[in-house]
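In the UniProt record's numbering, the protein residues as written are 1 to 583.
See below:
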């Protein structure tokens with residue numbers, strides 16, 4: 001009998017792996033593979049006790065224990081004695097051993113499949129010279145056949161002595177392999193001559209709308225492609241098939257859950273790849289959820305150009321899959337670029353290059369028309385805006401919109417809202433009820449160039465990463481990582497927002513008047529992100545009736561204000577079921 005049970009266990013594991021790869025028929029998967037959303041092995045109510053719980057619920061902000069039913073829904077939260085008094089033989093009891101607990105983190109802005117693909121790409125975040133970049137790429141060539149693409153991400157102009165790399169850095173070591181390396185903020189890409197030749201990019205190639213081909217004094221492309229010009233190369237890179245992307249999703253799941261993230265807002269592919277974003281939703285996320293193989297929640301965005309198709313999809317399928325793990329209804333587009341690429345659209349010229357104020361990805365009239373059509377179709381519109389002029393232009397557009405007609409009840413969003421023109425912009429953000437989806441980890445990457453690029457006034461209070469000013473004005477602010485631009489680390493983001501510097505003890509605060517409280521930082525990383533997706537009745541805080549999505553910490557929340565003592569994720573639970581760090 002024991003050997004039969006062992007064989008059965010092995011069969012279940014093999015079937016689960018096969019299900020992930022979409023190998024077995026649907027009826028086989030449903031018959032043999034236990035759904036991931038089952039909260040525990042016994043189908044019993046679970047009691048978690050002996051914890052220090054920050055609930056995120058203003059009416060009951062702290063607790064010691066809580067109970068979740070067999071479906072992973074919180075039933076009661078309170079003291080150890082209150083919750084343990086419910087215990088019976090029908091309950092599974094888990095002692096959290098005095099550890100700190102917070103709601104599951106909501107990453108309100110990342111690029112899920114792009115991030116997943118970087119887990120298998122060259123990581124260039126630490127590269128600090130031409131020689132090092134060339135050496136890393138040359139090492140990658142050794143593992144490739146001629147003609148195979150070499151992809152990488154994360155190089156930073158500020159770490160390369162302020163200079164932009166060029167195709168000459170790559171050509172000598174990559175004569176037979178096309179190469180494309182995106183910058184840390186993903187608003188610039190570096191291609192070698194092989195890739196440029198395959199794309200037909202030469203001296204006579206015109207800049208595409210919303211993009212720019214950098215050229216040398218003789219008119220030859222340097223290899224740097226800005227904004228949507230990157231699509232000239234990206235469109236040539238073979239797309240992983242569905243099976244490969246299912247496996248990438250599995251890797252991304254492990255990564256995100258290890259960071260305590262239980263819900264993500266997936267802003268789709270860049271630069272605004274509609275077919276790939278649709279395929280990720282239809283062929284990867286929804287099937288994974290249907291098979292019980294998606295261990296976190298995804299709110300998926302499609303490019304704004306897909307607004308009519310998304311409206312029809314909602315009319316045909318609703319706005320969520322039956323499992324409650326995948327949601328849709330958001331539209332994403334860009335109004336400008338980034339500070340690091342000098343393409344964020346500013347009212348005044350850049351300090352280091354007075355010839356430019358940045359780049360508008362769309363003509364203002366076109367952007368206005370697209371936003372208005374998205375609003376008329378009842379979609380949530382999320383527009384990337386980093387520069388102060390880009391934010392002001394979006395505010396002007398939204399100020400003319402009629403009340404949102406969305407059947408989903410989703411107010412519109414401004415992604416990043418990194419630089420503001422002043423208090424009038426902050427007040428208008430609040431009055432219009434827009435969500436500002438901000439990125440504290442970008443403060444660490446941009447603080448080194450902000451003063452050089454913008455000067456003290458535009459980098460100061462109320463102007464850059466103005467979190468305190470926003471909250472005081474009543475702006476609905478949530479945090480996102482923008483992965484793969486930066487690593488996913490909600491605890492790091494909360495620390496930066498509460499301290500305005502990195503967790504290293506020597507870190508100097510940047511505009512300390514814009515610090516916010518730890519509670520406000522955690523709220524921006526939990527319930528505010530849930531509210532931005534209108535699923536705050538389901539998740540985002542720990543209160544009866546919501547899903548038991550939560551994170552158990554190594555260390556305590558005091559570490560979010562103590563340099564060198566940043567807490568880390570010990571365990572992650574979704575629907576009351578341990579999905580990371582399980583003992």
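Glycine included, each C-beta is placed from N, C-alpha and C at the ideal position.
If you look at residue 287, you'll find it in the alpha helix (DSSP H) that goes 286-290. Taken through DSSP and simplified to helix, strand or coil, residue 413 comes out as strand. Rounded to the nearest whole angstrom, the CA to CA distance from residue 129 to residue 308 is 46 angstroms.
Taken through DSSP and simplified to helix, strand or coil, residue 359 comes out as coil. With fewer than 16 other beta carbons inside 10 angstroms of its own, residue 143 counts as exposed.
Here the segment 114-131 makes contact with the segment 481-490; the two share three or more CB pairs at distances below 8 angstroms. The count of Cβ pairs closer than 8 angstroms, one atom from the segment 80-100 and one from the segment 505-520, stays below three, leaving the stretches out of contact.
Assigned with DSSP and collapsed to three states, residue 73 falls in strand.
The three-state reading of DSSP puts residue 220 in coil, since its state is none of H, G, I, E or B. Nearest neighbour of residue 524 by Cα position, chosen from 496, 364, 266 and 192, turns out to be 496. In this chain, the alpha helix (DSSP H) harbouring residue 250 covers 242-258.
For residue 558, the number of other beta carbons within 10 angstroms of its own is below 16, and it is reported as exposed. When DSSP states are grouped into helix, strand and coil, residue 206 belongs to the coil group. The C-beta distance from residue 299 to residue 233 rounds to 29 angstroms, too long to fall under 8 angstroms, and the pair is not in contact. Taking the CA atoms as reference points, residue 137 sits about 15 angstroms from residue 183.
Spatial neighbours of residue 581 in its own chain (CB-CB distance under 6 angstroms, excluding positions within 5 residues in sequence) are listed in chain order as 570 and 571. Within the segment 43-123, the runs of beta strand (DSSP E) at least 3 residues long that lie entirely inside it are, in chain order, 45-49, 52-54, 65-68, 74-78, 91-95, 100-103 and 105-110. The C-beta distance from residue 166 to residue 224 rounds to 7 angstroms, short enough to meet the 8 angstroms contact threshold. Residue 427 has its alpha-carbon roughly 13 angstroms from the corresponding atom of residue 463. Annotation: the segment 506-559 contains the following complete segments of the alpha helix (DSSP H) (minimum length 4 residues), in chain order: 518-524 and 527-532.
Per the C-alpha coordinates, the member of 265, 227, 469 and 423 positioned closest to residue 361 is 227. In this structure the segment 387-402 touches the segment 412-425; the number of beta carbon pairs closer than 8 angstroms is three or more.
By alpha-carbon distance to residue 92, the top candidate from 192, 44, 133 and 358 is 44.
The closest CA to that of residue 573, considering only 252, 554 and 548, is found on 548.
Taking each of 555, 153, 460 and 56 in turn and checking the Cα distance to residue 191, the smallest one comes out for 153. Rounded to whole angstroms, residue 399 and residue 294 show a C-alpha spacing of 38 angstroms. Taking the CA atoms as reference points, residue 241 sits about 26 angstroms from residue 311. Residue nearest to residue 357 within the set 343, 369 and 370 is 343 (criterion: CA-CA distance). Taking all protein chains shown into account, residue 351 has fewer than 16 neighbouring C-beta atoms within 10 Å of its C-beta and is therefore exposed. Assignment of beta-bridge partners to residue 332 by DSSP yields 303 and 382. Spatial neighbours of residue 134 in its own chain (CB-CB distance under 8 angstroms, excluding positions within 5 residues in sequence) are listed in chain order as 169, 170, 172 and 173.
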